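Written below as structure tokens is the structure these notes are about.
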Amino acid sequence: MKILAMETSTAVGGVAIIVDGKIVAEETTLRQKTHSEIISPFTEHCLQKAGLKLEDIDVFAVGQGPGSFTGIRVAANAGKTFSYSFNKPLVTIDSLVLLAERARGSDKPVLAIINAYKNMVYTGLFDMSGEEPKYLKGPAAIPVRELSQHISQDVLVVGDGWEAYHEYFPEELSKKMHRDSTLPDYPLATTLGLMAEARAKKGQTLDWKSFVPLYIRASEAEETKKGILISPLK
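Numbered according to the UniProt record's numbering, the sequence shown terminates at residue 234, and the numbering increases by one at each position without gaps.
Here it is, written out as structure tokens:
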């Protein structure tokens, strides 16, 4: 099975091709350009590396969000276009699940936190005992100062929300939060592709018309219009 995966929901954007469970091509970058500028060349480079054409792809995989509204739309539009053009199925997986998946083998629940800016985070707490991370809480967009309400035990923390806000966490909360420096803090296209292949083999796909991005919160423009203020950290 050949999977083309596109993940652009956070500051790190990437494209990967998975063939029969192996990563055969990958392009990843920290956002130095907007993701809309890199999605096409990255896709071309990966196809060239893999010796494939778009019509050879069996399943297109797209990062569903949450994350950057603009970033989510980049992969979503590309994936829906490819799915429609070549009559191939889609698999969509949310960013928090992708982060938690990289902590496979953790003996603690995994807390994924993505920086949502304005002193907010996207978060999900996961049980890691099954085939895929399973939500215990979330997904949700919450003020950083409310994060302690979601944690009652020791957790392994993944995601760029840690780097952005950990200095503001109360001491009692910090004591429960553990880190592994070997784990990525951004959802990656390779993780998306491998998980998408597993889902596709189980028939867990959808058509291009059925894809719904996972935004969770209102856009910045909508929040400004409604007069939603930045939540204080303390």
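We put the CB at the ideal spot given by N, CA and C, even for glycine.
As the structure is a prediction and not an experimental result, all values here were calculated from the model.
Suppose contacts are defined by Cβ-Cβ distances below 8 Å. Is residue i in contact with residue j by that definition?
| i | j | result |
| --- | --- | --- |
| R179 | V157 | yes |
| E132 | T191 | no |
| Y122 | P66 | yes |
| L194 | T28 | no |
| P139 | L214 | yes |
With DSSP collapsed to three states, give me the class of residue i.
| i | result |
| --- | --- |
| S9 | coil |
| T190 | helix |
| I38 | helix |
| E26 | strand |
| V212 | coil |
| K202 | coil |
| A16 | strand |
| G63 | strand |
| M1 | coil |
| A50 | helix |
Apart from the five residues just before and just after residue i, which ones in its own chain have a Cβ nearer than 8 Å to its Cβ?
| i | result |
| --- | --- |
| residue 235 | Lying outside 1 to 234, the shown extent of the chain, residue 235 is not represented and no answer is given. |
Straight-line CA distance for residue i to residue j?
| i | j | result |
| --- | --- | --- |
| L229 | A200 | Note that L229 scores a pLDDT of 48, beneath 50, so its modelled location is shaky; the value from the coordinates is reported in the next line. Approximately 42 Å, taken between the alpha carbons. |
| E55 | L90 | 14 Å |
| V62 | Y117 | 23 Å |
| T205 | D58 | 11 Å |
| T92 | S148 | 29 Å |
| S83 | K53 | 14 Å |
| residue 236 | K22 | The shown model of the chain, from 1 to 234, leaves out residue 236, and the question about it has no answer. |
| E37 | A78 | 12 Å |
| H166 | F211 | 34 Å |
Can you name, in chain order, every residue of its own chain whose Cβ lies under 6 Å from the Cβ of residue i, other than the five neighbours on each side?
| i | result |
| --- | --- |
| T224 | Bear in mind that the predicted position of T224 carries a pLDDT of just 45, short of 50, making it too unreliable to give a figure here. |
| L4 | I17, I57, F60 |
| V19 | K2 |
Which same chain residues end up closer than 7 Å to residue i when comparing Cβ atoms and leaving out the 5 residues on each side of it in sequence?
| i | result |
| --- | --- |
| S68 | S9, T10 |
| H35 | T8, G13, G71, V74 |
| K108 | D154, V155, L156, H178 |
What first and last residue would you give for the beta strand (DSSP E) that runs through residue i?
| i | result |
| --- | --- |
| T123 | 120 to 127 |
| V91 | 90 to 93 |
| L111 | 110 to 117 |
Mind checking which residues open and close the alpha helix (DSSP H) that includes residue i?
| i | result |
| --- | --- |
| A78 | 69 to 86 |
| L54 | Taken as a continuous stretch (DSSP letters only), L54 belongs to no alpha helix (DSSP H), as it is neither H nor E. |
| A164 | 160 to 165 |
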